[in-house]
Every structure is written in structure tokens, then in C-alpha cells.
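Novice: The numbering of the sequence shown is my numbering, which starts it at 35 and goes up by one.
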Amino acid sequence: MQDLIDILKAMASKKEEIANPLELFLDMAERVVKRVSAEFGAKTDEVAILVLTSDRKHLRFAAPRKFADLGTIPVSKRDSIAVNVLARKSGEAMNNVPMVKHVSFFESVKIRDRAVPIQKMITVPILLQGEAVGVAQVSRKGDTPAQAGPDFTSADVSKAQDLFARISPYLVEARPERF
């Protein structure tokens, strides 16, 4: 984990020298996704990072990169799992995602050959000094819950919260001024 932190720290420190800070930020998010997916045995398209926009009115995807330009989720959208976790500042595990009313637009975007439904997911706030600055989600996709894999546990939620708490300073430092 320290290797990732060292890389993120070095990357974030270059923000002012880079012609396109958005690309730097999205590259950093991709590195985080690779580490998180390895930690949880997930595919990289099963990890999402949403960051609070500069005006604090929306959550915007930093990863998957394909979602970064698709739009934002207003923080007033109460049927969003991510928005609720951001507001509560506490993570949760859901092992029955299809049964929960939520914003599912982004699930329909194909990253693989076909869109595979999310069956299970942990959602955690990304906290910096107690303030929510974003949300991270690790999901398990499959046509059925059994195909998606094992249920997430409270230990998984804690592990994800700890991991994102460690990297949050660098994501915040690298976030472009108008994100």
C-alpha cells in the first residue's frame, strides 16, 4: 500500500506542472482502482470512484474513466446509494443490489461485451479529516447473486474505508480546480 501512496504523492505534487490536470487526476484514480480491485479480487470495471465536484453539488466519476464524461449525480438525489453514503459518512455492504431502489443508469453502460448487472456492492465515503470528499464503490457483477461471488462483509467495508482514508489527501490535492 505504501508504494501506491508514494506514487500518488509524487503524481499529485506535479499538478501545477502538468498541462492537463484532469488527465493526471484520472490517471491517479486508475492506479487506485487497480490496487482496490486486487485487494478485493474484483475486476477493474467493478470499482468506481466518485468525487465531489468543486461546487460540492454533484458527485462525478473519476473511475471508471469511461464514466468521467457521462455526467454527474446531484447530491440532492436521494435514491442514489452513493449520495446517501456521502451524506451519512458511513459505509455499507449490500448483497442484494437489484432489490434496492437506486440510480442504475451507469450500470447500463457497457464496459465489457455486454452490461452485466451489479449484484453485490460495498459503498464507502472517501473522508479527509472527517469531511466527505467522495464515494468509492466495489461491486460484484453477475447474472445471478451466485455468479457474482461471495457476499461482502462488514470487514470488507472497514478495509475499503481504511484504504480510501489513506489515499484521500492525494486525490483531493490532485482534483482539478473545476472538476
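The C-beta atom is built at its ideal place from N, Cα and C for all residues, glycine as well.
With distances taken Cα to Cα, identify the nearest neighbour of V158 among A44, D103, A189, S47.
Specialist: Of A44, D103, A189, S47, the residue nearest in Cα terms is A189.
Novice: Taking DSSP as the reference, what is the three-state secondary structure of I83?
Specialist: Note: I83 maps to strand in three-state DSSP.
Novice: Is the segment 83-90 close to the segment 48-55, with three or more CB pairs under 8 Å?
Specialist: Contact between the segment 83-90 and the segment 48-55 is absent, because fewer than three Cβ pairs lie under 8 Å.
Novice: Looking at the strands, I want to know which residues DSSP matches up with M155.
Specialist: M155 is bridged to M128, S173.
Novice: So, is L93 buried or exposed, given that buried needs 16 or more other C-beta atoms within 10 angstroms?
Specialist: Answer is buried; the Cβ neighbour count reaches 16.
Novice: Drop a sphere of 10 angstroms on the beta-carbon of G125, count the other beta-carbons inside from all chains shown, and report buried for 16 or more, exposed for fewer.
Specialist: Flag for G125 reads buried.
Novice: Is V134 buried or exposed, if buried means 16 or more other CB atoms sit within 10 Å of its CB?
Specialist: It is exposed - the Cβ of V134 has fewer than 16 other Cβ atoms within 10 Å.
Novice: With R212 and F59 assumed to form a contact (beta carbons below 8 Å), what rounded beta-carbon distance in angstroms separates them?
Specialist: About 11 Å; that fails the 8 Å criterion.
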